[in-house]
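Participant: So the sequences go chain by chain: D and A.
Mapping of the first sequence onto the UniProt record's numbering: position 14 corresponds to residue 14, and the numbering continues sequentially without gaps.
Mapping of the second sequence onto the UniProt record's numbering: position 126 corresponds to residue 126, and the numbering continues sequentially without gaps.
The beta carbon of each residue, even a glycine, is placed where N, CA and C say it ideally should be.
Quantities reported herein were computed from a predicted structural model and do not represent experimental measurements.
Sending over a structure as C-alpha cells; questions will come in a sec.
Number of protein chains: 2
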Amino acid sequence: MIQAIDRAAKVLSSLQGARRLGISELSTALSLPPSTVHGIVKSLQQHGLVAKEPGGNRYMLGPALLKLSNVYLDTLDVRARGMRWTHELARRTGLAVRLGVRLLDEVVIIHHDSRPDGSEQMPETGLAIPAHASAMGKVLLAYQPHEQAASLALRSLTGDTITDPGVFRADLEKVVDEALATEKNEAILGESSAAAPVVDHSGAVVAAVAVVMPTTEFPPAPTMLNDLRETARNISRELGAAQWPPTSGLIR
Amino acid sequence: MIQAIDRAAKVLSSLQGARRLGISELSTALSLPPSTVHGIVKSLQQHGLVAKEPGGNRYMLGPALLKLSNVYLDTLDVRARGMRWTHELARRTGLAVRLGVRLLDEVVIIHHDSRPDGSEQMPETGLAIPAHASAMGKVLLAYQPHEQAASLALRSLTGDTITDPGVFRADLEKVVDEALATEKNEAILGESSAAAPVVDHSGAVVAAVAVVMPTTEFPPAPTMLNDLRETARNISRELGAAQWPPTSGLIR
DNA sequence: GGAGAGGCTTCGGCATTACCGAATGAGGTT
DNA sequence: AACCTCATTCGGTAATGCCGAAGCCTCTCC
C-alpha cells in the first residue's frame with residue numbers, strides 16, 4: 001500500500017463526509033502536519049479531484065469525480081444488461097427496484113427504478129448503504145469468504161439492525177440456502193427490502209438486485225420473491241453465468 | 001506535485017479512456033515498469049477507486065467514484081440553486097438546458113434539463129466536452145487570465161471547430177463584451193448552443209448555463225438570448241453575486 | 001498432456017522522493 | 001492598528017516508494 005495514495009484517498013474520504021474542509025481541519029482529521037496535507041490536496045487539485053471552494057480557502061470534492069463516475073457506470077455490464085430486467089420487475093411488483101455492488105463495507109446503488117406509481121423521485125444512484133444493514137449487502141457478503149463478513153463493524157442504524165456477529169453469520173448462511181436475503185427496518189425505520197444475487201460468467205457474485213417496500217407491506221408475497229429470483233437469474237444468464245443460484249463461498 | 005498521486009490520477013485517467021486495461025497495458029500507456037504500476041493500482045483498489053474486472057485480470061474504474069461523485073453533486077451550491085432556474089428556462093425556450101463547470105481543458109455537465117417536448121432522454125450529467133468547442137467552455141475561459149486559454153490545444157472536432165489561437169482569443173473577448181458565448185457545429189455537427197456566465201458571491205465565474213439547439217434553429221432569437229442572460233443573472237444573484245455581468249479578467 | 005510464453009504479482013536494496021518543521025504571507029477579527 | 005489564525009512556501013533529511021529480477025499462475029500451442 002503506497003503511502004501517498006493511501007493518504008490521498010483518505011483526504012477524498014474526509015471531504016466526502018464533511019463536504020468542505022480547510023487544510024488545518026483536514027490536518028487534524030488525518031493527524032498529519034498541515035504542510036503534508038497541503039501537498040496532497042494541491043496534487044489532487046491539479047487533476048480536478050478536489051477543488052478550492054470559490055471565494056474561500058476551503059476545499060471540496062472536484063468535478064473530475066463526476067466525469068470518472070460517469071465512465072464507471074458506462075463500463076458496468078451488470079448495469080447495462082440489468083436495466084431492462086429491473087424495469088420489468090418494478091412494473092410487475094409495483095415496487096422500487098435497486099441494483100447494487102459492494103464497496104468495502106457498504107453497498108453502492110448503481111441503478112434505481114422508482115415505483116411505477118411515481119410516489120418518490122429521489123435519485124438514489126450513487127447512494128451508499130452499510131452492507132450489514134441491507135438485503136443487498138447480505139447477498140454480496142454471503143458468497144464471499146467468511147472472514148470478510150467477520151471483520152465488519154456491525155454499527156446499529158435502527159433498533160432492528162443486526163449487531164450480533166453470531167446472529168449475522170447465521171443470517172448469511174440462510175441467505176445462501178435460499179438465494180435470497182431480506183431486511184426489515186434494519187437500515188431505515190419503515191423501509192424493508194429483499195435481494196437476490198447476480199452472477200457473472202466466472203461464477204462470482206458481482207451485484208445484487210433488490211426490491212424496496214414500506215415495512216407495512218412486509219413480508220412480501222412468495223410470488224414476489226420468485227419474481228425477484230427470476231430477475232436475478234435472468235440478469236445472470238445475460239452475463240454468461242452457467243448456473244444459478246451460485247454456489248457458496250470459495251469462488252475466487 | 002507529488003509523484004505517486006500524479007501517477008495514480010493518470011491511471012484513473014487512462015482507465016477513463018480505455019474502460020478496461022491490464023497492468024502491462026497501463027504500464028506501456030504510462031511508460032512505467034509493470035511493478036510500479038501494480039503498486040499504484042493495488043493501492044487504488046483497496047479504496048475502491050479501481051476494481052479488478054470479475055473473472056479476468058484487467059482493471060476498471062471502481063464504485064468509490066460513484067459515491068464520491070454523488071457527494072460532489074450534493075455539495076455544489078450552483079447546482080442546487082440553479083436547477084429551478086434552468087428548469088424554468090427549458091420551459092420558456094423549449095430547448096435543452098445545461099449547467100457546466102470547468103475541469104482543466106473541458107467542461108463537465110453538472111445538470112441537465114431535457115427539452116420539454118421530451119424528444120431526447122439521454123442522461124448528460126457527467127459528460128465532458130472540450131472547452132474550446134463549446135459555448136459553456138468559452139464562457140468559463142473568457143473570464144480567466146488569458147494564459148489559461150492560450151495553453152489549450154485547439155483540437156478539431158468538426159470542420160467548424162475553431163483551431164486558430166488568434167481567432168479563438170478574439171472570440172473570447174467578444175464573449176466578455178456580450179456576457180454571452182455561442183457555438184455553431186463546433187463540437188457536434190447539427191448541434192449548436194449559447195451560454196452565459198454564472199457568478200458567485202466573490203465575483204468569480206463558477207459555472208456556465210447553456211441552451212442547446214439543433215443548428216437548424218440557429219441563430220437563436222434575441223429574446224431567447226435575453227432569457228438565457230436573465231437565467232444566468234438570477235442564479236448568480238441567488239449565489240450572492242453583487243453584480244452581473246461579471247467584470248473581465250483579473251478575478252482571482 | 002507437456003512445454004512454453006505472456007503477464008500478473010512479490011520481494012528487497014538503493015536512491016530518489018516526499019515528509020515535515022519552521023518561516024512567510026494573507027486575511028479576518030477584536 | 002495589532003494580533004491571531006490559517007494557508008502556503010521552502011529546504012534538509014531520512015524514510016519512502018521505485019524498479020529489476022525472480023516466482024507463479026493461466027492460457028496457448030504443439
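Taking Lys52 (chain D) as the query, report the chain A residues whose CB atoms sit under 7 angstroms from its CB, ordered along the chain.
Facilitator: Simply none; closest approach about 10 angstroms.
Participant: Using three-state DSSP, classify Ser24 (chain A) as helix, strand or coil.
Facilitator: helix
Participant: What does Ala196 (chain A) reach in chain D if we use C-beta pairs closer than 7 angstroms?
Facilitator: Near Ala196 (chain A) there are no residues of chain D at all, since even the closest Cβ is about 17 angstroms away, more than 7 angstroms.
Participant: Straight-line CA distance for residue 287 (chain A) to Ser24 (chain A)?
Facilitator: Residue numbering for chain A in the displayed model covers 1 to 252; residue 287 (chain A) lies beyond these limits and cannot be assessed.
Participant: In this structure, does DSSP put Glu106 (chain D) in helix, strand or coil?
Facilitator: strand
Participant: One question on the structure: do Ile162 (chain A) and Gly39 (chain D) come within less than 7 angstroms of each other, judged by their Cβ atoms?
Facilitator: no
Participant: Helix or strand or just coil, what does DSSP make of Thr36 (chain A)?
Facilitator: helix
Participant: CB of Val198 (chain A) to nearest heavy atom of the ligand MG: below 6 angstroms?
Facilitator: This structure lacks the ligand MG; in fact it carries no ligand of any kind.
Participant: Report yes or no: is there a C-beta of chain A within less than 7 angstroms of the C-beta of Tyr72 (chain D)?
Facilitator: yes
Participant: From Arg98 (chain A) to Lys67 (chain D), what distance separates their C-alpha atoms?
Facilitator: 15 angstroms
Participant: Quick check on Ser119 (chain D): does DSSP put it in helix, strand or coil?
Facilitator: coil
Participant: Can you pull the chain A residues whose beta carbon is under 7 angstroms from the beta carbon of Ala64 (chain D), in chain order?
Facilitator: Leu103
Participant: Considering just the uninterrupted stretch of the alpha helix (DSSP H) at Leu49 (chain A), what are its terminal residues?
Facilitator: In the DSSP annotation of this structure, Leu49 (chain A) is not part of any alpha helix (DSSP H), being labelled neither H nor E.
Participant: Tell me whether Val139 (chain A) is buried or exposed, calling it buried when 16 or more other Cβ atoms sit within 10 Å of its Cβ.
Facilitator: buried
Participant: Suppose only complete runs of 3+ residues qualify. What are the beta strand (DSSP E) ranges in the stretch 184-232 of chain A, listed by chain order?
Facilitator: 191-199 and 205-214
Participant: Does the structure place the stretch 146-157 of chain D close enough to the stretch 128-135 of chain D that three or more beta carbon pairs sit under 8 angstroms?
Facilitator: yes
Participant: What does Ile129 (chain D) pair with, by DSSP beta-bridge criteria?
Facilitator: D:Val107, per the DSSP bridge assignment.
Participant: Report back the beta-carbon spacing between Leu104 (chain A) and Leu141 (chain A) to the nearest angstrom; my notes put them in contact at under 8 angstroms.
Facilitator: 11 angstroms between Cβ atoms; not a contact.
Participant: Pick out whichever of D:Ala232, D:Asp200, D:Ala204 and D:Glu230 has its Cα sitting closest to the Cα of Leu239 (chain D).
Facilitator: D:Asp200
Participant: With 7 angstroms as the threshold, decide whether the Cβ of Val209 (chain A) is near any Cβ in chain D.
Facilitator: no
Participant: Going by CA-CA distance only, name the one from A:Leu95, A:Leu180, A:Asn226 and A:Pro197 that's closest to Ala212 (chain A).
Facilitator: In the sequence as presented, Ala is not what sits at residue 212 (chain A); that position holds Val. That would be A:Leu95, whose Cα lies nearest to the Cα of Val212 (chain A).
Participant: Could you tell me whether any Cβ in chain D is nearer than 7 angstroms to the Cβ of Thr161 (chain A)?
Facilitator: no
Participant: Run down chain A in chain order and give the residues with a C-beta less than 9 angstroms from the C-beta of Leu12 (chain D).
Facilitator: His47, Leu49, Ala64 and Leu68
Participant: I need the straight-line Cα distance from Thr158 (chain A) to Glu183 (chain A), nearest angstrom please.
Facilitator: 12 angstroms
Participant: Using a 10 Å radius around the Cβ and a threshold of 16 neighbouring Cβ atoms, would you call Gln121 (chain D) buried or exposed?
Facilitator: exposed
Participant: In three-state DSSP terms, what is Ala181 (chain A)?
Facilitator: strand
Participant: Can you pull the DSSP bridge partners for Arg98 (chain D)?
Facilitator: D:His112 and D:Ala210
Participant: Give every residue of the same chain whose Cβ lies closer than 7 angstroms to the Cβ of Arg233 (chain D), excluding the five residues on either side of it in the sequence, and list them in chain order.
Facilitator: Trp244
Participant: How about Ala64 (chain D) and Gly48 (chain D): do their beta carbons lie closer than 7 angstroms?
Facilitator: For Ala64 (chain D) and Gly48 (chain D), yes; Cβs fall inside 7 angstroms.
Participant: Please check the pair Pro219 (chain A) and Gly190 (chain A), which I expect to be a contact at CB under 8 angstroms, by giving their CB distance rounded to whole angstroms.
Facilitator: The pair is not a contact, with the Cβ atoms about 15 angstroms apart (cut-off 8 angstroms).
Participant: Distance cutoff 7 angstroms, beta carbons only. Does Leu140 (chain D) sit that close to anything in chain A?
Facilitator: Between Leu140 (chain D) and chain A, the shortest Cβ-Cβ separation is not below 7 angstroms.
Participant: Ser43 (chain D) touches chain A at which residues, Cβ-Cβ below 7 angstroms?
Facilitator: Against chain A, the beta carbon of Ser43 (chain D) has neighbours under 7 angstroms at Met1, Ile2, Ile5 and Asp6, listed in chain order.
Participant: Using the beta-carbon count (16 or more within 10 Å), is Val198 (chain D) buried or exposed?
Facilitator: buried
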